Structures are given as structure tokens and as C-alpha cells.
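The block underneath contains the structure these notes are about, expressed in C-alpha cells.
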Amino acid sequence: AQTVTQSQPEMSVQEAETVTLSCTYDTSESDYYLFWYKQPPSRQMILVIRQEAYKQQNATENRFSVNFQKAAKSFSLKISDSQLGDAAMYFCAYSSLLTGANSKLTFGKGITLSVRP
Amino acid sequence: GAGVSQSPRYKVAKRGQDVALRCDPISGHVSLFWYQQALGQGPEFLTYFQNEAQLDKSGLPSDRFFAERPEGSVSTLKIQRTQQEDSAVYLCASRDKTGGYTDTQYFGPGTRLTVL
Chain A
1 AQTVTQSQPE MSVQEAETVT LSCTYDTSES DYYLFWYKQP PSRQMILVIR
51 QEAYKQQNAT ENRFSVNFQK AAKSFSLKIS DSQLGDAAMY FCAYSSLLTG
101 ANSKLTFGKG ITLSVRP
Chain B
1001 GAGVSQSPRY KVAKRGQDVA LRCDPISGHV SLFWYQQALG QGPEFLTYFQ
1051 NEAQLDKSGL PSDRFFAERP EGSVSTLKIQ RTQQEDSAVY LCASRDKTGG
1101 YTDTQYFGPG TRLTVL
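Line by line, the protein sequences are chains A and B.
For the first sequence, this note's numbering begins at 1 and goes up steadily by one.
For the second sequence, this note's numbering begins at 1001 and goes up steadily by one.
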């Protein structure tokens, strides 16, 4: 079974600064997807960014980018130019590509990010 | 178009009561997932539907939990004889394609269940 670990329960960043959220995972599979989801206090989970394991290039979405280290099974999220609206809980998630896995998501425990004005 | 909706948003039940939680997925979405999120934790998978077929219910914690999607659209998660440990937020997510692993799961706002 796959596991996702987010060891930092909380982080804080100054507005306009850069912050990196860490995530490690464990799997015996070679192909899979990794995701970062954002959950604001309203609780609607929103996809931030995703990475296909077979792609060497790190995914980027505007101010959000990842550092995907497949051998180390590490998948960190970098938020540049942090904004007050980035304050939320962030979850790292894994999705298997195996037939029958149905692409259900395995989540980490999450990290609460606060942004200081 | 409209996103995934869930009702009720909040539910308080006395221990031993039965509850039913509803999920309205995005119109036309084939896949539907239910997750359970305990306080301060990440969501955990409960069950998966492809149209009306429940293809995976490996995450349901006990036989008190039952889910259905009879017409392949709206889904209901039912919990019988609720226990305090059932208190959590129940999230529903839908996805467009069955095998489209690049397709995003879109989440609803969740139903917060509190069992007294």
C-alpha cells in the first residue's frame, strides 16, 4: 500500500515571500500521479498542481511549482510571491495508475500554511 | 457549470441514529468518490462508483456504512447506528472520465457529521 507523509504540521510565510512545503511518499510502483490540493477554511478542496511520475520536468502553475525527486520519493511544493489568499491547509496526494486502483487518492495529513501580512 | 454539491452541510446525530448524506456530482461525470476526513487529518478513501456500479468499497470502515448511486448521478452515503467515531467531514468528489488519470477529481464542500 502507498503512504504519503507530510511531517510539518504548520508553516508560516511572510506575504510576498517564498515557502516550500514538503512531502514524501512510499510506493513500489513506477508510474503514478502526485498532487497538491489546497483546502481553505470553507473546506472545498481545490487542485493546485499535479505531476506525472514518468515526466522528468517539474510541473509549474503560475506561482506554484514542484520539486519532484522520484528516486528520493520526494514531492515538495514551492509557493512564490505568497499571498494572503494562499493561507489554507495543503495536502499532498498520491494516485496509482494500476488497473483497478480507480485513481482513488491517498492523502497525507496536511500542513496548515499561514501568511503574515 | 455548477460544481459538486453536498447536503446537508452540517448534521448532528445522536448515537445510534441513522443518517443519509447526499452528493450531487458535476453533471455528466462518470466517476464518483466518497472520502472521510477526521479532524486535523487528511481525507481517507471510502468508496468509488463508475456510473451506477460500485467498483470499490474497500475503504468503508464497517458494515454500518452503505453507499449507493442508483441512476449513475446522485449518490447517497448512509451510516446506520452512528457511533461517536463516525464524527468527521464526509467529502464527495467526481471526475469526468473513467480511465482518464489526467482528469481532476472535483470536490464538494463536504458534510460535517457530529455524533453526540
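Cβ atoms here follow ideal geometry from the backbone N, Cα and C, with glycine treated the same way.
Here the structure is a predicted model, which means the values were calculated and not measured.
Candidates the options, of which the one nearest residue i by Cα
{"i": "L1091(B)", "options": "Q1017(B), R1015(B), D1024(B) and Q1050(B)", "result": "D1024(B)"}
{"i": "S1087(B)", "options": "R1112(B), T1104(B) and S1094(B)", "result": "R1112(B)"}
{"i": "R1069(B)", "options": "A1020(B), P1043(B) and G1110(B)", "result": "A1020(B)"}
{"i": "Q1105(B)", "options": "F1049(B), G1016(B), K1014(B) and A1038(B)", "result": "F1049(B)"}
{"i": "R50(A)", "options": "Q39(A), V19(A), L98(A) and N67(A)", "result": "N67(A)"}
{"i": "F1107(B)", "options": "K70(A), I46(A) and Q56(A)", "result": "I46(A)"}
{"i": "S1005(B)", "options": "G1042(B), K1014(B) and F1033(B)", "result": "F1033(B)"}
{"i": "A93(A)", "options": "A53(A), Q44(A) and L34(A)", "result": "L34(A)"}
{"i": "E10(A)", "options": "S22(A), V4(A), V48(A) and A1(A)", "result": "S22(A)"}
{"i": "T1114(B)", "options": "E1071(B), S1031(B), E1085(B) and L1077(B)", "result": "E1085(B)"}
Per DSSP, the bridge partner or partners of residue i
{"i": "A88(A)", "result": "L113(A)"}
{"i": "I46(A)", "result": "K38(A)"}
{"i": "V1074(B)", "result": "Answer is none; V1074(B) lacks a bridge partner."}
{"i": "Q1037(B)", "result": "V1089(B)"}
{"i": "E10(A)", "result": "T112(A)"}
{"i": "V1115(B)", "result": "A1013(B)"}
{"i": "Q1054(B)", "result": "F1049(B)"}
{"i": "Y33(A)", "result": "E52(A) and S95(A)"}
{"i": "L1032(B)", "result": "F1049(B) and S1094(B)"}
{"i": "K118(A)", "result": "The question about residue 118(A) has no answer, for chain A in this structure spans 1 to 117."}
{"i": "A1067(B)", "result": "L1077(B)"}
Same chain, Cβ closer than 7 Å to residue i, five either side skipped, listed in chain order
{"i": "E17(A)", "result": "S82"}
{"i": "A88(A)", "result": "K38, Q39, P40 and L113"}
{"i": "L98(A)", "result": "E29"}
{"i": "S1062(B)", "result": "none"}
{"i": "Y32(A)", "result": "A53, Y94, S95, S96 and L97"}
Where the beta strand (DSSP E) through residue i begins and ends
{"i": "Q65(A)", "result": "One point to set straight first is that residue 65(A) is Ser, not Gln, in the sequence displayed. From DSSP, the beta strand (DSSP E) with S65(A) extends over F64 to Q69."}
{"i": "C1023(B)", "result": "V1019 to D1024"}
{"i": "V19(A)", "result": "V19 to L21"}
{"i": "S103(A)", "result": "Premise fails: S103(A) is in no beta strand (DSSP E) and is neither H nor E."}
Close beta carbons around residue i, own chain, < 6 Å, minus the five adjacent residues each side
{"i": "K109(A)", "result": "Q6"}
{"i": "P1043(B)", "result": "Y1035, Q1037 and L1091"}
Closer than 7 Å at the beta carbon, the chain C residues around residue i
{"i": "F1033(B)", "result": "Going by chain labels, chain C is absent from the structure shown, which instead holds the protein chains A and B."}
Residue i CB to nearest heavy atom of the ligand GDP below 7 Å
{"i": "S1027(B)", "result": "Ligands are entirely absent from the displayed structure, and the ligand GDP is therefore not among its contents."}
Should the region 1005–1013 of chain B be regarded as contacting the region 78–86 of chain A, the criterion being three or more beta carbon pairs within less than 8 Å? Cβ pair count under 8 Å is below three, so no.
Inter-stretch contact (C-beta, 8 Å, three-pair minimum) for the region 1048–1060 of chain B and the region 102–109 of chain A: Yes, the region 1048–1060 of chain B is in contact with the region 102–109 of chain A.
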